[in-house]
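Accompanying notes for the structure given below.
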């Protein structure tokens, strides 16, 4: 499958995105959906970071005209939810963070629901709180949770998630190293900041089944969690998840969020569909961001600059509860163990409860934090060993078909090529080490590119229905959060089946109808869907050609004799129809069937729609239409107990190089040049791949320079887009995306996944460039002008 | 397939209807659906029965706040629509009936649209009109259409639809007959009077594709017509038809109605979704009813009472335009040629344009009119030959496995059995011929029961998706108008697959996702769907059992060893797993897999969901899930040019017997007893079959006694449920439905279709009973008290 087809018609072409309705405001997002009898929900959040709830008085809210339900932990069953089952949808005993859901209202409109919230009175009794994960690890720290999910008393704030990986002998390697560097780095909370905020609509049908319109990027995972919730509520129904257009996820919609369980409770209590859509403020306050880490990294190399060992210890601020953020160390292990060839590796990550907001997945799933740490340490070690930073990376670069200490089996790997592209395009040798307030920096990455078996199944099912007008409907378990999958799926389906992209329509986002898929995460969607498309598409093609072999001779004969009847001068050609009768001789391309070995033969070429119609409308008894299906489960592995295993079918590599200018008077960093070289296996749609690279790189630059959820004693201080600064089009980062296509044998049409990785190396590349420009290394993200100016001043003070 | 399975678990059982949400008002019909940016449409109908349109002034309407579009024939392309292409959605040159659509408005709400209609001024110039089909056939009658669809001048009001059937030699047979009767009968306009009125929502997506939410019972046929309309408008898009819950069709939703084309025009002009839902008044005025017929029938028999010939001539009032009503003679041919054994048959039907409302299909599709005529003539001929009416029918009854003059191939046929049931349950011999104001009457019927190939394909496609929780989603091209198909499909799927009805969910009503189906008409849905279910279900079962054979031994071993680990005293039994490894040894029933030959073996019995989950969650590379599909095209035939052919795989028979009491002072008819004996092949769900019999019989009684669209010079005078009298629950007709189950070999589980026929024989049975009671035969439906009283008085006057 990985072989490059020499004559592809649609794959590899930059088709414009086909979901154009988004551009003109005619796409229907969750915001736009209205159901009969629908109510609107609002949630009351905690006013304290850590407190006992003494009482909740909802009596006034209940009496407000238009209010249909007021729920608190006291009038709904106590059902644990979340990755570790460490919370309930509505909090009863105590609140542990400012985003704790204390009460919820369903009313006839949003304003009424909002007004009802104001009428709810909560009495709190404050408890001592802890906001610093290192403080929280101390024996006398206040306990965020007195009991674990099973009711056993807890003695500390550590999560029962022992993330460890060890390969080789780090201690021995350290002893034999020529150069060793050690440092400590930290990152901030950043928010996914999707254009589409969180929201959903829950309703129960008359049989007690839940229909949940969700913005999730894992519809079947969401369904499982909702099913479990129903079961734990003592309800018999099962759930069906429908996903409308979604305005971005970037991981924020990976877990079933608390508001979703609350919607279920409200729908159950009221018997009506209940909707919520977060305001931007609610989105910042009550949807879980990327977690901050504090990392200690130690690396060594020999006299030739070859890495000898890497030892990384991380502390993750888990916040008050646990979502997927706590599992990101499983992905951090990938760069820790396998970014560059390093024989001896040790990694440990500790997740700690605090009274802060809690964290979730975000694009790259831990890789941005880990790569931030590793790639600065790489620069430090290069400097220590006197080797140029790019040269040092090339010495240690990953190579094709190696097996890493984590047992990742690397296939194609153009890492050195990517580094060379950066070197060349940045004019590295001239720009490096100039110390003129301008500098260049580099960072590489590797990421899963061929799925990621984080669940027992990494599969996707697909059904293709072909109608007698030659239209192909693809029913797939996947979902789209805005990444443009519709376009590339249509390209791949057209290529695989022989139809055209405009003949294809996609149906997804309904767990009842669509076959199973593990979800659109881990940059897996195009890769896994592509394989499913190839399997089902081959079946479609075979079935269509079978019909062609059966009907074409008759159809052609009929057309010729009709023409002869109409035109007495028409000479009916003598044709040998026998080659047509064998499926193997036929080819279907661009919605036409013709002889494989004689494509120029116009007599033997028919539009596929005509053949399908003929096969359908036989007249009696034996009409046929074409449906095909496939279930593709990739040959990747789950991590074993040691944290090892070949998680993905392939890995994607790349290097970002950046040239910055630092204004030493203001601390402001300007990006002058940005080269993003990416191994994508094969670009199904180069324009869309570049779109992913642009978008993720801008996100990575925001991570480096501007984005930060600021908290004060657990309270988010900047829940709006004025104070939380994402980079936008007007920041004009001059990104030069370079696509490297080694044609991945394990990939569909040679492709690897590319959704996440471009946001991974930006921060270290920028920080490395700043260091090159002004000799100052900022070890704590983001690199704000304030921090940088202070560091520059300190450096200058020292130098004087 | 027709063989009766001796141990069926679900088929043949009276499961309660599963679409319970309708009962408590939580089902969403077209009325309930709201889309973002949706506008509301209203249509202005003609104020004249026949007139030239001199001008339409929409200027004031256009200026009304909230109006988004005002369309007339003058500002939209002139595109012909309808079965014969004899009209345009909005009329420009002239109006030909009071329901002619003259203008349409889309506005922000219904009230605004309604107000805008009042502001439209139309100037008419009256033309002479014709309301009687016999008048309309005269050479000097005003022409309803001056030109045909191709623009050729027309010379008369006859439709170019020559409905003729001839078999044997009627003239010769007449000469040799012992008894001959001849009479003339007529029927009225009746309305389908669905609980759910007509309505729809049209919208265009950004690519110019039409999404049409429709109440149609032929989604794919509707799609074809909409596609053609788009094409004729010069638009490139294609259409997708979605059907929500529908509140009945009875044929009224068979054709794409004019308001639907108007919705498309409004959606196209405004760029917004546009909705219309008819009021009850609009439904009566602007949705096409069952057409009236004037029939001359002549029949003869020999001295033994054996039918010698039948000659029927019909005139159908087509109204001003042509819909499917004009094609009902194709179905009239069935009873005309084949109800009872009659060797010589002649049939001719003439459809005539008038300035009346035009007609559409209705339950039975011409059969009620034809049977009304035939079954009165049968009584007249029985009387003429001095043979009891039931005896006469038994002499001539259809018999199994005969071929009729129309080339229908009858299979199972319990017609005599049905007549005997009526005879016995009505206590016929005692009640007949008493002339005490009470009387009994009988009528039989035959109808298609195994599909009806009215289109080149009579097929249905189906897809079954099984998930790892053991749930089966059935994606079918069929649709439900309220007949309860959800319930029986679930029963049949459970039976065919081995799962349970509660494991099954149905997805239908989306032409994009569902595989093709010709539509839910001609009593074909259960029959054709059942076959598709059997085909796909067998494939599902085989695939599931393949997985079971692969995984069960390992699963059972694992469970046993786990138990042994937990309980040291547990003795692991010595089991021979080899029988489990062969799919052929396994059986799946009631969602459990077990050994076919050893069903009591508890070790070798597992819930199917557990096996499916195991097969899905293999861990790496080879997870599997089950999808199966089928496309069932029955072996029935289209009618040939002579109107002959085996239209259906089988035919359903029955007899209705009724005892009436006539109040000779008031003319009021009371039904004292009503026996409805029906050959259903096999009842998939006896309760639902009885529901169909109840409902259709009540409809038939209304046809006989109360229902009539009254017109005055082409204007409908009773467009409301106060003046148009349907029978309701409070009329308490004491129906005794009797199900006869010959187990049809061509039917799925032995079933025949049963949606329509119970409304067929009611009217003649009642009229025959009235004749038996008071010696008066009413030849024109309905038998109103006025008509009956008048006839009784006339009879008495004659007798005196």
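Protein chains in written order, with the working numbering: chain A, 1 to 800; chain B, 1001 to 1800.
Built from N, CA and C at the ideal position, the CB exists for glycine as well.
Query	Result
Closer than 9 Å between beta carbons: that is the criterion. Which residues of the region 1613-1628 of chain B meet it against chain A?	1616, 1617, 1618, 1619, 1620, 1621, 1622, 1623, 1624, 1625, 1626, 1627, 1628
On the DSSP letters alone, give me the boundaries of the beta strand (DSSP E) that residue 309(A) sits inside.	307-319
Where does residue 1750(B) sit, in a helix, a strand or coil, going by DSSP?	helix
Would you verify that the beta carbon of residue 1513(B) is, or is not, closer than 8 Å to some beta carbon of chain A?	yes
Since residue 1459(B) meets chain A, which of its residues come closer than 7 Å, beta carbon to beta carbon?	623
In chain order, which continuous runs of the beta strand (DSSP E) of length 3 or greater are located wholly inside the region 1517-1600 of chain B?	1586-1589, 1592-1595
Give a yes or no on whether the C-beta atoms belonging to residue 1337(B) and residue 1345(B) are separated by under 8 Å.	yes
Report the neighbours of residue 1637(B) on chain A: residues whose CB is nearer than 7 Å to its CB, in chain order.	620
Does DSSP classify residue 1387(B) as helix, strand or coil?	coil
Between residue 28(A) and chain B, is any beta-carbon pair separated by less than 8 Å?	yes
Can you give the Cα-Cα distance for residue 623(A) and residue 1230(B), rounded to whole angstroms?	27 Å
Mind checking if residue 1456(B) is an interface residue toward chain A, Cβ cutoff 8 Å exclusive?	yes
Rounding to the nearest angstrom, what Cα-Cα distance links residue 1204(B) and residue 1211(B) in this structure?	6 Å
Assuming residue 1757(B) contacts residue 1364(B) (C-beta within less than 8 Å), just tell me the rounded distance between them.	7 Å
State yes or no: is the C-beta of residue 1632(B) within less than 8 Å of the C-beta of residue 1191(B)?	no
Could you tell me how far apart the beta carbons of residue 812(A) and residue 292(A) are, in whole angstroms, since I believe they sit closer than 8 Å?	This structure does not reach residue 812(A), given that chain A is present from 1 up to 800, and the question cannot be answered.
For residue 540(A) and chain B, any beta-carbon pair shorter than 8 Å?	no
Considering only C-alpha positions, which residue in the set 260(A), 469(A), 216(A) is nearest to residue 42(A)?	260(A)
Label residue 1713(B) either buried or exposed according to how many other C-beta atoms from any shown protein chain fall within 10 Å of its C-beta, with 16 as the threshold for buried.	exposed
May I ask you to list, following chain order, the residues of the region 10-39 of chain A that have a beta carbon less than 7 Å from some beta carbon of chain B?	20, 21, 24, 26, 28, 32, 34, 36
Which runs of the beta strand (DSSP E) spanning at least 3 residues fall entirely within the region 151-194 of chain A, listed in chain order?	163-167, 179-186
List the residues of chain A that residue 1634(B) touches, going by C-beta distances under 9 Å, in chain order.	620, 621
Pull out every residue of the region 1483-1512 of chain B whose Cβ sits closer than 7 Å to any Cβ of chain A, in chain order.	1505, 1507, 1512
Using Cβ-Cβ distances below 8 Å, what residues of the region 468-482 of chain A are close to chain B?	468, 469, 471, 473, 475
What residues of chain A sit near residue 1407(B), judged by a beta carbon separation below 7 Å?	In chain order: nothing, as chain A lies at least about 13 Å away.
Thinking C-beta only, is residue 409(A) closer than 8 Å to residue 646(A)?	yes
Scan the region 1067-1138 of chain B and note each continuous alpha helix (DSSP H) run of 4 residues or more that stays entirely inside, going in chain order.	1110-1118, 1133-1136
With 16 other CB atoms within 10 Å as the buried threshold, where does residue 1783(B) fall?	buried
Going by DSSP, which residues form a beta bridge with residue 1464(B)?	1474(B), 1628(B)
Could you spell out where the alpha helix (DSSP H) holding residue 1702(B) opens and where it closes?	1686-1705
Taking 8 Å as the threshold (beta carbon to beta carbon), is residue 1453(B) in contact with chain A?	yes
Cutting at 6 Å between CB atoms, please list the residues of its own chain near residue 696(A), excluding the five before and the five after it.	758, 759
For residue 791(A), count neighbouring C-beta atoms within 10 Å of its own C-beta (all shown protein chains included) and say buried if the count is 16 or more, exposed if not.	buried
Using Cβ-Cβ distances below 8 Å, what residues of the region 1200-1219 of chain B are close to chain A?	1205, 1206, 1207
For residue 644(A), go through chain B and note every residue whose CB falls closer than 9 Å to its CB, in chain order.	Those within 9 Å of residue 644(A) in chain B number zero; the least Cβ separation is about 14 Å.
Around the Cβ of residue 173(A), are there at least 16 other Cβ atoms within 10 angstroms (buried) or fewer (exposed)?	buried
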